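What the sequence shown shows, in this note's numbering, is residues 616 to 832, in sequence order. Single-structure report; data block below.
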Amino acid sequence: MPTKTPVSKRVPLAERFKSPQGEGVFTGVMMAFIRTVGCSVGQKVCTHCDTQFDKTYPERGGGLYTPREIAAWAHPLKYACITGGEPFDRDLGDLVNELMRNDIECHFESSGTKDIPDWYRWSGSWLCISPKPGYLEDVVLQADEVKIIYRGLGDGPGWPDLKDAKRWAALGKTVYLQPRNFEHQVNHEALQEVIETVAENPELRISAQLHKFLQVR
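Quick look at the structure:
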């Protein structure tokens with residue numbers, strides 16, 4: 616009889632969906648979004664967080680899946696965005712290996728508060744750091760792109776600001792400012808502030824969350 620994959624080897628996903636990437640360098644590229652359960656930063660810090668990651672949401676494609684099941688679902692797309700929550704809270708080496716075996720390039724989005732794990736380093740995956748309070752400077756500097764939520768997703772201390780954005784850009788990082796939008800819609804007042812800020816600081820870029828303009832996930 617075939618053996619079942621142990622639950623411990625399955626990956627708990629809050630949700631999964633296919634949609635155009637709405638942020639950063641790969642804006643407009645179709646991706647398989649894989650949102651893991653849980654976040655070591657949490658919504659007590661990110662009080663304006665626009666995602667749900669606290670549990671599996673079966674109605675959104677969430678559940679416990681083997682790496683092979685996830686890779687089969689992601690096919691035929693060539694890119695998978697593994698996000699959260701905080702994906703570096705988990706050992707996702709088996710998932711990355713399976714996606715790569717199926718010629719799917721992995722992109723990760725992390726808060727920058729976790730050391731980059733060994734299983735990530737050999738993968739050659741794309742890394743977007745969106746720094747949250749407690750971010751590690753050396754981790755930010757290893758990112759392929761840095762995305763700063765302008766004014767932060769919370770009102771407490773520790774959020775990166777314009778000074779940080781300019782400093783990282785001066786160090787050669789590709790740095791985006793992104794407005795603090797609503798959960799499903801663009802905050803046009805916040806977007807206008809970002810446009811005006813980037814006009815005065817052209818070493819930075821704008822990430823406007825295209826998917827919210829398109830009204831897709």
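Even glycine gets a Cβ: it sits at the ideal position worked out from N, Cα and C. The model shown is predicted, which means the values in this text are computed figures rather than measured ones.
Pairwise C-alpha distance: residue j and residue i
| i | j | result |
| --- | --- | --- |
| Y735 | P702 | 11 angstroms |
| H663 | D770 | 9 angstroms |
| K778 | K624 | 42 angstroms |
| N816 | K633 | 34 angstroms |
| C654 | I744 | 14 angstroms |
| V660 | Y750 | 13 angstroms |
| F565 | A689 | Any question about residue 565 goes unanswered here, given that the chain covers just 616 to 832. |
| S738 | S726 | 19 angstroms |
| W774 | R716 | 37 angstroms |
| A805 | D665 | 15 angstroms |
| E724 | E811 | 26 angstroms |
Opening and closing residue of the alpha helix (DSSP H) in which residue i lies
| i | result |
| --- | --- |
| Y735 | D733 to R736 |
| V711 | G708 to R716 |
| E684 | P682 to A689 |
| G781 | The question names Gly, but residue 781 in the sequence shown is Lys. Here the alpha helix (DSSP H) through K781 covers L777 to A785. |
| L751 | Note, L751: premise wrong, no alpha helix (DSSP H); not H, not E. |
Contacting residues, own chain, Cβ-Cβ under 6 angstroms from residue i (five flanking each side not counted)
| i | result |
| --- | --- |
| G637 | Q824, L825 and H826 |
| P682 | D709, L710 and E713 |
Sequence-distant residues of its chain with Cβ nearer than 7 angstroms to residue i (five each side left out)
| i | result |
| --- | --- |
| M616 | Residue confidence is low: M616 scores 46 on pLDDT, short of 50, so the model does not pin down where it sits. No coordinate-derived value is stated. |
| K762 | E638, G639, C743, S745, Y791, Q793 and S822 |
| I764 | S745, Q793 and R795 |
Terminal residues of the beta strand (DSSP E) in which residue i lies
| i | result |
| --- | --- |
| Q793 | V790 to P794 |
| H610 | Because the chain here runs from 616 to 832, residue 610 falls outside it and cannot be looked at. |
| L628 | V626 to P635 |
Whole-number beta carbon distance between residue j and residue i, since they are thought to touch under 8 angstroms
| i | j | result |
| --- | --- | --- |
| L679 | A695 | Going by Cβ atoms, the distance from L679 to A695 rounds to 18 angstroms, so no, they are not a contact pair. |
| K729 | D704 | 7 angstroms |
| E630 | G700 | At roughly 10 angstroms, the Cβ-Cβ gap does not stay under 8 angstroms, so E630 and G700 are not in contact. |
| T651 | P673 | Not really, about 15 angstroms apart at Cβ, beyond 8 angstroms. |
| C721 | I697 | 6 angstroms |
Contact set for residue i: own chain, Cβ-Cβ below 8 angstroms, skip 5 residues either direction
| i | result |
| --- | --- |
| L829 | P635 and G637 |
| V755 | G727, I744, P746, V761, W783 and K788 |
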